[in-house]
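Reading through the structure tokens given below for one structure.
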Amino acid sequence: MDSKNSDKSGDEIDSSKEERAPDHDKEAAAEGENYDPWPTTLSFLLPNIKEKTAKRDRQTLETFTAHVTRASLNIINGNFDGAENNYADALKLIYRRQNNSDRVKQCFLGLAKIYGHRAKKEKNLEEIVNAVGLLNGALRRSTDDEEKVAIIAELEELDNLSLQIIHGSQSPGLGTKHSDDMENKARLESLRCKYKIHMESIAILEDGVQPIERNRTVNMDVEVKFTVAVEELYRLISVDMKEFMKKILCQSIEKFGSPPCAFALVGLGSLARQEMTPFSDFEFIFLIETDTEEIRSYFRKLTYYMHIRVLNLQETLIPSLGLKHLNDTYRESKKDNWFWEEGPRGISFDGAFSFASKTPLGRKPTKQKNWAVEFIKSPKQMAEFQEEDVMLKEGYHVASILRQVVFVAGEASLAKEYKKEMDLILQGKSESQADSTHGTMKMIQKQTQKMLAKDVEKYAPENDTINNEGMLWHVKKEIYRLTSLILDATSCLYDIKTDSSWEIIQQMKLKGLLGDQAAHNLSLALSIGTYLRLKAYMNNKSQAENITVLPRRDDATHLGVKLIGKIFHVKKKGLILRFLQISSPLVQIAKDLCFKEDFLSPLVPLSSALCDTSVYQSAVMRVRLMDLKEAEYLLKICVNEREHNPEADEEVPLFMVYFQMGHVASMLANFEVSDEYHKKALEASRKYSPDNPEYQPVIATLANISRQCRKKAKYEEALQYLKEAQRITETWTEEQVQRFFPAFAIIKENLGLLYCETGNLSEGIKMLEEVLDENRTTEEGPGLPELISNLGAAHLKQGNFEKAETYMMESLNMMTDLYGVSVSHPAISEILNNLGILYILIGEIESAISVLEENADMTEQLFGKDTVHSDRISSLYNLANAYFQISLIPQALASYEELLILRRQLLGEDAKHPAIAGNLNNIGACYTKFQDYDKAIFYYSMAFEMRKQIYGEDVDHHEIADSHFNLGCGYFEKFWLDEALMHYKIALEMFKKVHGEASRHPYICETHENIRRIYEAMGNEKAAKFHGDVLNSILVGT
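Following UniProt numbering from start to finish, the sequence shown increments by one per residue and tops out at 1038.
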């Protein structure tokens, strides 16, 4: 099997594997008779993956049906706890699989029946909320009109039941009709349509917001208009959302009767900051004038009933209900919090989790805090969450959330009183602080700094991280959230009281804490983050956080990958680039704030523009956005500037500039340039003391140079660089080894890949699987799916087709989590390429052509139709292999000959490379099909000689064995039996050494079969019987 020599253990294939020696005599050979490529006796050695998949699916369905049947029986017998377990087990089997919506719905309906029964028996409103949430989940999935009517009837029945529980026999009448809830839904959709019109006018301004680079200056007028327009839109949304929730409140009170005392519904979170979207969670509390258990009970029940109204909007995902058997966060074990669904996530209550629950009902007791907390209190009692002892008990986060509030409905005076009581506590002037010399503000500032440090670590974008190119952006966490959190923290530290994040910036400017340009840029960053977040939500009609700049592929097959939700494709990169220029210094400001003690001095020097326009920053931003040509151009400028001014005190080390340049050149398939800059990076990094594990650039650089050597088939040189890296780590203590384990993983993974490419597949796979086992517990990033992909390619080479597919599909699932479904990305292209090879080898040619044609389109979209790029060439090469399999030999030959020219153009006319050898080999296979055996042997021989030069004369390697096998086939066709037998025997011994003496590898079986046929043709029945018996023993072993 031919290997495109990159970080993959093999992602091209020799078509000649389909050319097998025939069972013929001299007359047949003289007539040039053609024979089927795979002998029928061996065909079942190729695992039918589709059938195995179908079998697994049948078994899953049978188990699912058994769970559901047991659940039904348990319900009949009154064992509702057992039934709930059964439905949870059934759901766990199928919820992540595609095309299982009906089965998920079946589980939801069953669980709803259980919760409804408990609610009626126990008069429990929480169980009604759970049942209503599940029924709405089922209703979203239903396509049958009669079923929908039945579900709606159940919803209305539960609504009536809730009022009966609340009022007892004094129920005022029928509950809310489903049609009334649909009016609320229509009202919400009308608001969203209004916002869409506003956003269309803002979109016109997008082109004027561009990064400052290449002598481009800021279009201040457009940026100001953009910022103001976004702020005004969010102010409008804030007003509308308050009115919308007020309407929900009034509808609920109408069914309840008048409240027993004056109250105020107060909004928290994004609503209080004027950053709420029409798809956000609703976080709120109740302030009550009179605090008694009876009054609190009224508002608890009112909260439950409001929740039912919101659930009937059908925008609440099931996990937010915190169901015991699906998402129980109170047990604090991941195995108890496993269910997830993708759906139209929109207006909903804050999740009923131990770590959330920002609603009047609060949270239940937890393992660490064995008391419940609710947010239905008088203004004075609610303000007590700001007291020092309460903060220490409940946690600073609760106090922080409750400090920023906005009045929504009820008595506004209660909200004002609450803010006044909070101020007294913060200033140390409350009655409970009579003996205190200061308020809690100092403590709050210290806690704010600690929280900000965690937030920076969690949300700060890592733009200069290698291998993050093309990754999805989580718009809330990576773009919107950090700016908002920094402003929130700043308002606390500088004691700025306002209801808007934009207003915080203006107040800081007025107080002399920010200069004009810094204030402008900070406002712009906030506006870009909130705008992109809203744009993603509006486009996806859901609180879907993922955005990408990669080109969309509407014709992608998805290949059975798991769904990860909708993705918003950002067509114009200017907004993101401008945001990143501001976010980089903003992160540093946040880090400085964590240790700042003087909150009277400016946040940053008034001369600071709060914008990083450095060439290096622009380059790494372009890498993340997959704008590689522009990144290369900018890095060249950066290299030139740094090399001509080596004494420059730059924050970014020179070796890192070289490293990025080498990395980008490699992605562009400019391997000579990549090699040059990786070696420069190595020399520049040596001054950082390579034996010091606190600074590990040398190891990463050595691994990259080794990788470049492998790409050029310089395997001995690749090994030497890895050995140098190993020598560095040998000086480390055991504690350092544990602390800096990733460095060991890099070395071990590259050694494993090197072993695979040089023929020692068993040892290479062993090392890769050890690295994988060690890394399973780490956070999934670009490195892990690539490792799994490499393992799949290695198993493919070894003939372990089922394992190969398992690893490839796992990697593809992880890749789509990182980059998205229906996008073009080199890493996804690699997986498609390898899957295409797999399908060729197992005879699924139709699937192979489908996958490889899709990959050819993807590489064209990524690199251009006429670009000489190794990934593009590999894609077209394997597509030609697939055409070869369906006997389109002229087309295949034309492609092979054209690609051979391109390979030599890429690698050098005289290059000795596995890809060129494979290309020659497959041209030979085409001439075999044309029955031009002399030309076939000529090309097989050229491939053979090149492979020996690459791997060594006396090396046992799969590809050298492959050449012996193909030469054997060519000579057999000419009936040169002695030459054919010699090559087959060498191939057999080499295949056994590479794949194992007892291996069932198809090539070993094929070689035994062809040797048996030669001996038959020679009349040596004893030798023929021996090889036939060996083959039969292998087949019996299957």
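From the three backbone atoms N, C-alpha and C, an ideal C-beta is built for every residue, glycine too.
Q.
My output table needs one value for Pro319: the three-state DSSP class, helix, strand or coil.
A. helix
Thinking C-alpha only, which one of Ser1033, Glu411, Ile376, Ala412 is nearest Leu402? Ile376
4-residue-minimum alpha helix (DSSP H) runs that sit fully inside the segment 785-810, ordered along the chain | none
Pairwise C-alpha distance: Tyr927 and Tyr940
10 Å
Note to self: Quick check on this structure: which residue in Ala138, Asp145, Ile166 has the alpha carbon closest to the alpha carbon of Glu126?
What the structure shows: Ile166
Just the C-alpha distance for Asp675 and Gly908, rounded to the nearest angstrom, thanks.
-> 15 Å
Would residue 1056 and Ser252 qualify as a contact pair, given that the criterion is a beta-carbon distance under 8 Å? Here the chain has residues from 1 to 1038 only, and residue 1056 is not among them.
inquiry  = Please list the terminal residues of the continuous alpha helix (DSSP H) segment that includes Gly836.
reply    = 826-841
With a cut-off of 8 Å, does the C-beta of Met241 fall near any C-beta of chain D? Among the protein chains of the structure shown there is no chain D, as only one such chain exists.
| message | The beta strand (DSSP E) that contains Gly410, what's its start and end? | response | 406-410
- Query: Secondary structure at Ser348, three-state DSSP: helix, strand or coil?
  - Reply: strand
First and last residue of the uninterrupted beta strand (DSSP E) at Gly267: 263-267
Classify Leu791 as buried or exposed, calling it buried when 16 or more other Cβ atoms lie within 10 Å of its own Cβ.
buried
Open item on the list: Beta-carbon within less than 8 Å of Met508's beta-carbon, same chain only, minus the 5 sequence neighbours each way: which residues are those?
Closed with: Thr490, Tyr494, Ile496, Leu514, Ala519, Leu603
Close-in-space but distant-in-sequence residues of the same chain around Thr459 (CB under 8 Å, 5 per side omitted):
Just to set this straight, residue 459 is Tyr in the shown sequence, not Thr. So the qualifying residues of the chain are Lys477, Glu478, Arg481, Leu482, Leu485.
Exercise for review: Select from Gly783, Thr290, Leu722, Cys261 the residue whose C-alpha is nearest the C-alpha of Tyr755.
Suggested key: Leu722
Contacting residues, own chain, Cβ-Cβ under 7 Å from Tyr616 (five flanking each side not counted)
Cys638, Val652, Val657
Can Asn922 and Tyr951 be called in contact, C-beta distance under 8 Å? no
Beta-carbon proximity check, Ile831 vs Met808, cutoff 8 Å | yes
- Report the option in Ala619, Ile204, Glu973, Trp473 whose CA atom is closest to the CA atom of Val549. Trp473
Please report the Cβ distance between Asn85 and His325, rounded to the nearest whole angstrom; I am assuming they are in contact, meaning their Cβ atoms lie under 8 Å.
6 Å
task = Taking residue 1070 as part of the alpha helix (DSSP H), name the residues at either end of that continuous run.
result = Outside the modelled stretch of the chain, which goes from 1 to 1038, sits residue 1070, for which no answer is possible.
With DSSP as the reference, identify every bridge partner of Asn327, one or two as the case may be.
Asn337
Which complete alpha helix (DSSP H) runs does the segment 222-288 hold, if anything under 4 residues is left out? 269-272
Hey, quick one: how far does the alpha helix (DSSP H) through Asn645 stretch, first residue to last? Looking at the DSSP string, Asn645 is not in any alpha helix (DSSP H), and its letter there is neither H nor E.
Quiz item: Between the Cα of Ile849 and the Cα atoms of His825, Phe884, Arg872, Ile828, which residue gives the shortest distance?
Solution: Phe884
| Sorted by chain position, which residues of the same chain lie with C-beta nearer than 8 Å to Phe80's C-beta, five sequence neighbours on each side aside? | Asn74, Ile114, His117, Arg118
Going along the chain, which residues of its own chain have a beta-carbon closer than 6 Å to the beta-carbon of Gly836, five neighbours each way excluded? Ala848, Val851, Leu852, Asn878
**Q.** the segment 976-991 touching the segment 945-965, judged by at least three CB pairs closer than 8 Å
**A.** yes
Notebook entry, point to check: Going by C-alpha distance, which of Val390, Val132, Val456, Glu213 is nearest Tyr305?
Noted result: Val132
Residue environment, Pro365, which counts as buried when at least 16 other CB atoms sit within 10 Å | exposed
Could you tell me which residues DSSP puts in a beta bridge with Asn966? Beta-bridge pairing links Asn966 to no other residue.
Beta-carbon spacing of Val239, Arg578 below 8 Å:
no
| Between Met199 and Met241, is the Cβ-Cβ spacing less than 8 Å? | no
Practice item. Give a yes or no on whether the C-beta atoms belonging to Ser584 and Glu231 are separated by under 8 Å. Key: no
ask   = To which residues of the same chain is Asp516 closer than 8 Å at the C-beta, ignoring the five residues directly before and after it?
value = Lys509
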